[in-house]
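Protein chains in written order, with the working numbering: chain A, 405 to 521; chain B, 9 to 123.
All residues carry an ideal CB built from backbone N, CA and C; glycine is no exception.
Since the structure comes first, as structure tokens, the remarks are kept for the end.
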């Protein structure tokens, strides 16, 4: 059971380049999300999805796009990278998107460290 | 909108002493509350959660947290700290009974346990 897999682990981009951070989970989780972690800022939510075909914006969505065509995958796209997007990115998923059971414990990937020059 | 505050950037304790990492929250209605831990160069790991019921919640590695509704707090505690507890700790909140609402994290508190 691989859990949440993020690729790549490390990436260096030049300003203006585009790239996609991949996230895949094999737990049949409904809910998936992307966070970025910056020193002194904690984790800030970028985008999330409560199921295939459904996405919504988080706290810091500008400069990022997402899609959810399958339950397993939730890629994060940077269309034109900027130095302000230098960060560590975490993908996280959970089984239950509803609150009736309160089971929404997030499982995190190992992170992707992105540097934009 | 919901928010989480972790007022201390760093907490220093000696091994064997009790530790407390503070968390206060703001959310409309009842909260679901969580603590996560992050070890260096790793993703976050779930420690414990409060959903409903007993205000004292026990979690992994001997940690516990007390939910205080009147003070809107959810402090993380451990009776006797270990050097291996040194890590970055995050408190998180989401409102209960609001489908599709995401989990919001605090800025994190670095716990340093000295031998």
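Two segments are said to touch when three or more pairs of C-beta atoms, one from each, lie closer than 8 Å; by this definition the stretch 10 to 21 of chain B does not touch the stretch 466 to 486 of chain A.
The beta carbon of residue 12 of chain B is closer than 7 Å to those of 31, 33, 99, 100, 101, 112, 113, 114 in its chain, skipping five residues each way along the sequence.
The three-state reading of DSSP puts residue 473 of chain A in coil, since its state is none of H, G, I, E or B. At a C-beta separation below 9 Å, residue 513 of chain A has these neighbours in chain B: 51.
Interface flag for residue 470 of chain A against chain B is unset, since no Cβ pair is found closer than 8 Å. Taking a C-beta distance under 8 Å as the contact criterion, residue 448 of chain A and residue 463 of chain A qualify as a contact pair. Residue range 435 to 442 is occupied by the beta strand (DSSP E) that includes residue 436 of chain A.
Cβ contact annotation for residue 438 of chain A (same chain, cutoff 6 Å, sequence separation greater than five): 450, 451, 480, 495, in chain order. Interface annotation, residue 27 of chain B: not in contact with chain A, CB-CB separation never under 8 Å.
Counting the other CB atoms within 10 Å of its CB gives residue 93 of chain B a total of 16 or more, which places it among the buried residues. Burial check for residue 91 of chain B: the Cβ neighbour count within 10 Å stays below 16, so the residue is exposed. By the Cβ-count criterion, residue 410 of chain A is buried, with 16 or more other Cβ atoms from all chains shown falling within 10 Å of its own Cβ.
Against chain B, the beta carbon of residue 494 of chain A has neighbours under 8 Å at 51, 52, listed in chain order. In this structure, the alpha-carbon of residue 70 of chain B lies about 13 Å from that of residue 45 of chain B. The beta carbon of residue 55 of chain B sits no closer than 8 Å to any beta carbon of chain A. When 7 Å is used as the limit between beta carbons, residue 436 of chain A is near no residue of chain B, the shortest such separation being about 11 Å.
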